[in-house]
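Enquirer: Got a structure for you, questions after.
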Amino acid sequence: MLRTAIALVLFVLVTGPVSAQTVGAVPTLKREATISGELVRIGDLVENAGAAAGTAIFRSPDLGETGRVATDRVLDALRPHGLIGIDTLGIAEVVVIRPGHIIATKDLATAISRALAARYNLGDATDLAITFEGEVKPIHVESSSSTDPQPTRVAYDRRSGRFDVGLEVPGSASLRGVTLRYTGSTIETRNAAVVVRAVTRGTVVKAADIVMERRAKAELGDDFFDTAAAVVGLAARRPLRPGQALRSADLMRPELVQRGEAVTIIYETPGIYLTIRGKAMESGAEGDLIAVSNGQSKGTLQGIVSGPGRVTIQAGASRREPTAVSSAQPEPRGIPNPRTE
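Residues 2 to 342, numbered by this note's numbering, are exactly what the sequence shown covers, in order.
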């Protein structure tokens, strides 16, 4: 348990009086001391402590904690070691700081992911989601320590996804030489585009409608969208619910022509360009082949949606059936020559 105060239990080290301080140098109390170990020594608290400087008198605060000790208590601890006439500078208490940083639960999970990925060829460690079994507490280490937790034992069951990993934390004085055991499970995940609000059919998806989330690969299938850019600008092929990971079948190109609306029919062939008014018999996105009614003859034609309210009948044009959107470029299909009236 972290001590919120320094505790400063007197470290009884009465090894006999130490020779007095250096002649001519007045021992002076420090206002603040920064400690890098588990013990507070006389030299940490007093300038010009002489031969007594290396003598330990208190225990340090916990890593990352700050404590305070009253000046009278410091003087009481110094007296058995031959230090007298301390200039306290009017200080009422000394602040004792023990810097440190925390190895958080996510850091432990990262170390385990890397160990599993390397040992069992599980791909990119960042794609592994770790779930611990039981409570996992953060670890405090010295601020000077940059050593990451090191795996000493790695076991993994591919079928169940369960792991049993031992980690050593060299940067922690209290845990030096101790292997910590962690058990739990892991799954492979992927970044997926997820809907954050309800989207009705035909509505164009905006950036504000999408968030990127990590989802289990097994739940996504093979046709999910892994970037928001691939989704924005497409339209909902069916109603979309919040929290839904988007797949290719959920989206389509925005419909530029709606069933029953008036359209301009353009007939193009070498040397001929004709436009007539008509009506769309079905809805379609750009590039879709749809049926339109000739406004003059009332006959039915097949044309390709070429813009908002515009359908083009062009000799030799490629046919593109209305389909769900996929991450791959759709393959063109042949289109029969349009019938003439």
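A virtual CB, placed ideally from N, CA and C, is assigned to each residue, including glycine. What you are looking at is a predicted structure, and each value in this text was computed from that prediction instead of being measured.
Need the endpoints of the alpha helix (DSSP H) that residue 302 sits in, please.
Expert: The count along the sequence shown starts at 1 and reaches residue 302 at position 301. No alpha helix (DSSP H) contains residue 302, which is instead part of the beta strand (DSSP E) from 301-308.
Enquirer: Hey, would you say residue 97 sits closer than 9 Å to residue 59, going by beta carbons?
Expert: As a position in the sequence shown, residue 97 is number 96, starting the count at 1. As a position in the sequence shown, residue 59 is number 58, starting the count at 1. Yes. Within cutoff.
Enquirer: Tell me the DSSP secondary structure of residue 83 in three-state form.
Expert: Here residue 83 corresponds to residue number 82 of the sequence shown, with the count starting at 1. Reduced to three states, the DSSP call for residue 83 is coil.
Enquirer: Return the CA-CA distance between residue 130 and residue 285, expressed in angstroms with no decimal places.
Expert: Sequence index remark: in the sequence shown, residue 130 carries index 129 (1-based). Sequence index remark: in the sequence shown, residue 285 carries index 284 (1-based). So the two alpha carbons sit approximately 41 Å from each other.
Enquirer: Among 197, 186 and 255, which has the Cα closest to the Cα of residue 212?
Expert: Stepping through the sequence shown from its first residue, residue 212 is reached at position 211. It is 197.
Enquirer: So for residue 90, helix, strand or coil by DSSP?
Expert: For the purposes of this step, residue 90 is taken as residue 89 along the sequence shown, with counting starting at 1. Three-state result, residue 90: coil.
Enquirer: In this structure, how does DSSP classify residue 168 when only helix, strand and coil are distinguished?
Expert: By 1-based counting over the sequence shown, the position of residue 168 is 167. Three-state result, residue 168: strand.
Enquirer: With respect to the alpha helix (DSSP H) encompassing residue 120, which residues constitute its N-terminal and C-terminal limits?
Expert: Within the sequence shown, numbered from 1, the residue matching residue 120 stands at position 119. Element bounds for residue 120: 106-121.
Enquirer: Do three or more CB pairs link the segment 228-248 to the segment 262-273 at distances below 8 Å?
Expert: Because the criterion of three Cβ pairs below 8 Å is not met, the segment 228-248 and the segment 262-273 do not touch.
Enquirer: What number of angstroms, rounded off, separates the C-alpha of residue 126 from the C-alpha of residue 107?
Expert: Translated into positions along the sequence shown, residue 126 becomes position 125. Translated into positions along the sequence shown, residue 107 becomes position 106. Between residue 126 and residue 107, the C-alpha separation is close to 13 Å.
Enquirer: Taking just the CA atoms, how far does residue 139 sit from residue 343?
Expert: Given a span of 2 to 342 for the chain in the structure shown, any question on residue 343 remains unanswerable.
Enquirer: Alpha carbon to alpha carbon, how far is residue 37 from residue 54?
Expert: Position 36 of the sequence shown, counted from the start, is the residue given in the question as residue 37. Position 53 of the sequence shown, counted from the start, is the residue given in the question as residue 54. Between residue 37 and residue 54, the C-alpha separation is close to 15 Å.
Enquirer: Please look up how many angstroms separate the CB atoms of residue 279 and residue 264, rounded, as I've assumed it's under 8 Å.
Expert: As a position in the sequence shown, residue 279 is number 278, starting the count at 1. As a position in the sequence shown, residue 264 is number 263, starting the count at 1. Confirmed, Cβ separation roughly 5 Å.
Enquirer: Give me the Cα-Cα distance between residue 301 and residue 190, rounded to the nearest whole angstrom.
Expert: Along the sequence shown, one-based indexing puts residue 301 at 300. Along the sequence shown, one-based indexing puts residue 190 at 189. Taking the straight line joining both Cα atoms gives about 50 Å.
Enquirer: Mark residue 208 as exposed unless 16 or more other C-beta atoms lie within 10 angstroms of its C-beta, in which case mark it buried.
Expert: If you number the sequence shown from 1, residue 208 lands on position 207. Under this definition residue 208 is an exposed residue.
Enquirer: Please classify residue 160: does DSSP put it in a helix, a strand, or coil?
Expert: Working through the sequence shown from its first residue, we reach residue 160 at position 159. Of the three classes helix, strand and coil, the one that applies to residue 160 here is coil, per DSSP.
Enquirer: Spell out the partners DSSP gives residue 152 in its beta bridges.
Expert: In the sequence shown, the residue the question calls residue 152 occupies position 151. Partner(s): 168.
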